[in-house]
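Below you'll find the structure, written out as structure tokens, and then a few comments.
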Amino acid sequence: MRSIVANVAVADAAGTVEALRAQLERMQGRRLDTPVLPVPPALAALLPGGGLRPGSSYALGRSMSLLFALLSRPSREGSWCAAIGMPHLGTEAARAAGVDLERLVLVPEPGERWLTVTATIADVLPVVAVRPPARAKDADIARLAARMREREAVLLVQGPWPQTEAMIDIADPSWSGLGDGYGLLEGRELTVTVTSRRFPVPRSGRVLLPDAAGEMTADAAASSVGRTAEPLRAVG
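Quick note: to get the numbering used here, add 1 to the position in the sequence shown (first position is 1).
This is how it looks when you write it as structure tokens:
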């Protein structure tokens, strides 16, 4: 009898989980098990789902190295990407970080209609990065979010952004390779922190960005979970 009761309790719990999952999917307009776009393994270990979830937005710090790390794997594996409102983006730096420039569209100066430009490009490209020049209206943000979900595109925003899948930022950089006034810079070690509503606490890891190959790799000497992330600074 005790076994039967236990089985019923397990079945009820499983049914409740599935009901909550279905409700959350309806509210967010996407499935939680949707395949994600790839990112470097060091970052996949920190992100919800292990990659960039189609239909979602991510708030980033202002580091171009971090942005290039997020664009590198998708572009190399066939996904077209766009960078909007970043007139000083260095294409050679992007190439060195592993971004496939043949699959990168640049819109350096979108002007006051940057939000419309972003939505239009999201209609045709799966990964869109933007640096907003000013705060957008809530209604415009909601319309863009609906467009991203409909097109299953990923939005990477350099700066704060509401209703994100995750916030990603870097801190505590240190360079290696220099001796007492001599030598060559060989790599930069820093902490990546991911904050998401799907986590009870932020996730952090020590990485090399760039490593000897110019990309992001995990620092085997140190990693942590639970570090409090610093808030992103406001834009505009």
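Yeah, the Cβ is synthetic: ideal placement off N, Cα and C, and Gly gets one too.
Sequence-distant residues of the same chain with beta carbon closer than 6 Å to residue i, five excluded per side
i, result
"Gln159", "Leu61, Arg63, Arg132"
"Thr218", "Ala43, Leu209, Asp212"
"Gly50", "Val37"
"Pro127", "Ser80, Ala154"
"Asp101", "Ser76, Arg77"
"Arg54", "Val37, Glu166"
"Arg74", "Pro39, Val40"
"Lys138", "none"
Proximity winner among the options, relative to residue i (alpha-carbon distances)
i, options, result
"Arg136", "Met65, Trp115, Pro39, Pro49", "Trp115"
"Val193", "Leu68, Val129, Ser205", "Ser205"
"Ala140", "Thr121, Pro163, Val195, Val129", "Pro163"
"Thr165", "Pro88, Pro203, Arg198, Arg189", "Arg198"
"Ser76", "Ala130, Ala143, Val202, Ala167", "Ala130"
"Leu156", "Gly112, Cys82, Trp176", "Cys82"
"Ala123", "Leu145, Trp176, Glu113", "Leu145"
"Arg189", "Gly99, Gly52, Glu216, Ile85", "Glu216"
"Glu93", "Ser66, Glu113, Phe200", "Ser66"
"Ala147", "Pro161, Lys138, Pro134, Ala120", "Ala120"
"Leu72", "Ala98, Phe200, Pro55, Pro203", "Ala98"
"Gly56", "Arg74, Ala143, Leu90", "Ala143"
"Glu113", "Val125, Arg74, Pro134", "Pro134"
Rounded Cβ spacing between residue i and residue j (contact assumed at less than 8 Å)
i, j, result
"Ala169", "Leu191", "Here residue 169 turns out to be Ile, not Ala, going by the sequence shown. With 8 Å as the limit, Ile169 and Leu191 do not qualify as a contact, their Cβ atoms being about 12 Å apart."
Residues sharing a beta bridge with residue i, DSSP
i, result
"Met87", "Answer is none; Met87 lacks a bridge partner."
"Thr165", "Partner(s): none; Thr165 has no beta bridge."
"Ser58", "Leu156"
"Ser175", "Glu190"
"Ala219", "Val208"
"Leu47", "For Leu47, which the question treats as bridged, DSSP gives no partner whatsoever."
"Ala130", "Ala84, Leu157"
"Glu125", "What sits at residue 125 in the sequence shown is Val, not Glu. In the DSSP output, where bridge partners are listed per residue, Val125 has none listed."
"Thr170", "For the sequence presented, residue 170 should be read as Asp rather than Thr. Answer by DSSP bridge pairing, in chain order: Thr194."
"Val108", "Ile85"
"Leu1", "The requested residue 1 is not part of the displayed model; the chain covers only 2 to 237."
Interface flag, residue i vs chain C, CB-CB below 8 Å
i, result
"Leu191", "Among the chains in the structure shown there is no chain C, since it carries only a single protein chain."
Residues of its chain near residue i, where Cβ-Cβ distance is below 7 Å and the 5 sequence neighbours each way are ignored
i, result
"Asp220", "Glu190, Arg207, Val208, Leu209"
"Gly52", "Val37, Leu38, Pro39, Val40, Ala45"
"Pro111", "Ile85, Gly86, Val118"
"Ala167", "Leu48, Pro49, Tyr59, Val195, Thr196, Ser197"
"Gln29", "Low confidence applies to Gln29: its pLDDT is 45, below 50, so where it sits in the model is not reliable, and the reading given next is rough at best. Taken in chain order, the list of residues that qualify is empty."
"Pro88", "Pro109, Glu110"
"Ala214", "none"
Close-in-space but distant-in-sequence residues of the same chain around residue i (CB under 8 Å, 5 per side omitted)
i, result
"Asp173", "Leu191, Thr192"
"Leu200", "It should be pointed out that residue 200 corresponds to Phe in this sequence rather than to Leu. Result list for Phe200: Pro49, in chain order."
"Phe69", "Ala94, Ala95, Ala98, Gly99, Val100"
"Arg3", "For Arg3, the predicted structure reports a pLDDT of 43, less than 50, and the residue's modelled location is therefore unreliable. The matter cannot be settled from this model."
"Ser175", "Arg189, Glu190, Leu191"
"Leu90", "Met65, Ala84, Leu107, Pro109"
"Glu103", "none"
Check: residue i C-beta below 7 Å from any heavy atom of the ligand SAH
i, result
"Ala146", "Absence of the ligand SAH is noted for the structure shown, with no ligands found whatsoever."
### Task
Give a yes or no on contact between the segment 149 to 156 and the segment 99 to 111, applying the rule of three or more CB pairs nearer than 8 Å.
no
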